[in-house]
Every structure is written in C-alpha cells, then in structure tokens.
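**Student:** Numbering (UniProt numbering), first residue to last: 1 to 123. Yeah, the Cβ is synthetic: ideal placement off N, Cα and C, and Gly gets one too.
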Amino acid sequence: MTLVARFTVGGMRIGELAEQAGTSARALRYYEQQGLLSARRTSNGYREYDEEDLRLVREIRALLEIGFNLEDTRPFVECIREGHSSGAECPGSVEVLTRRLAEIDDYIVRLRRIRATIVKELG
DNA sequence: ATTCTAACA
DNA sequence: TGTTAGCA
C-alpha cells in the first residue's frame, strides 16, 4: 500500500469492496447471485470491482439499514444502472418507497395503541 | 495472504 | 448471513 500505487486506480477485489461498503464478502457474493451486482473476473478467477460497484453496494446497504429487504433494492439498483444519479428517480423505486411508508405508518398506529394500553395499565 | 465454490456440528 | 473446508 505505497503512496503511489494506492490511488483509487484499477479495481478492487471482494475483500476491499466489502470493507469500504461496510459489509462482508459473503454478502457481496450473495447479491451477485441475486443479480444485484455484476462481477468481472480477472485471469485467476477473482472478482474485480470498481468505484461504480462501490456506489451500488453502498446504495444497497443504505436501503437495507432503513429496513428494506434485498428484493426492495432491485429497482434502485436498476435505476442507477440506467444512468440516474439517484436510485430513487425511477417509478419502480418510488413504488417501493411508497409501500414502505405505508407500512411504517401502520406500524406507528400499532405502537400508539400498544402504548395507550400500557399507560392505562399504569393507571 | 486472499479469493473461490459449496455446504452446514 | 456466518463459518468452514479444500483449492488455486
């Protein structure tokens, strides 16, 4: 990792991508199996990724952390692949976002009711 | 040392 | 998703 050779040049292998995206190599291989991530291979068979892949994985991670499942991230991934700077700029993404919002609202209502009954129990 | 695939005391 | 095995 010399000062010169370490400059965001070529590509990175699965280990580095995982580290920079805050996930595991295992998860990245799984995303690939699910068709969410594309992998180019080097002569030795190792997967090679670039900055674009890093952006994509970070997008996926961000969505997962907000409560979406892997399938929910698909439209966002495709959206970015189609050139959009934001994965939320496509109809498919908007639909997923809207559905999640409704789920959250329902959840809030449930929690409020639970809270109310607990307050009663306390007298 | 790192990645690969496949599979699970 | 983690972990591990046996290779390259």
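Do residue 136 and Y49 have their C-beta atoms within less than 8 Å of each other?
**Tutor:** Any answer about residue 136 is impossible in this case: the structure gives the chain only from 1 up to 123.
**Student:** Does the beta-carbon distance from A39 to E32 come in below 8 Å?
**Tutor:** Taking the first sequence and counting its residues from 1, one reaches residue 39 at position 39. Taking the first sequence and counting its residues from 1, one reaches residue 32 at position 32. Contact: yes.
**Student:** Quick check: what's the CA-CA separation for L101 versus I80?
**Tutor:** For the purposes of this step, residue 101 is taken as the residue at position 101 of the first sequence. For the purposes of this step, residue 80 is taken as the residue at position 80 of the first sequence. L101 and I80: Cα-Cα distance of roughly 22 Å.
**Student:** Mind checking T2: buried by the 16 CB within 10 Å criterion, or exposed?
**Tutor:** As a working mapping, residue 2 is identified with position 2 in the first sequence. Its pLDDT being 44, under 50, T2 is placed unreliably by the model, and the measurement read from it follows with that caveat. Flag for T2 reads exposed.
**Student:** DSSP puts E48 in a beta bridge; with which residues?
**Tutor:** One-based indexing of the first sequence puts residue 48 at position 48. In the DSSP output, where bridge partners are listed per residue, E48 has R13, R40.
**Student:** Give me, in chain order, the residues of the same chain whose beta-carbon lies closer than 6 Å to that of Y46; leave out the 5 immediate sequence neighbours on both sides.
**Tutor:** Residue numbering aside, residue 46 sits at position 46 when the first sequence is read from its first letter. These residues qualify, in order along the chain: R13.
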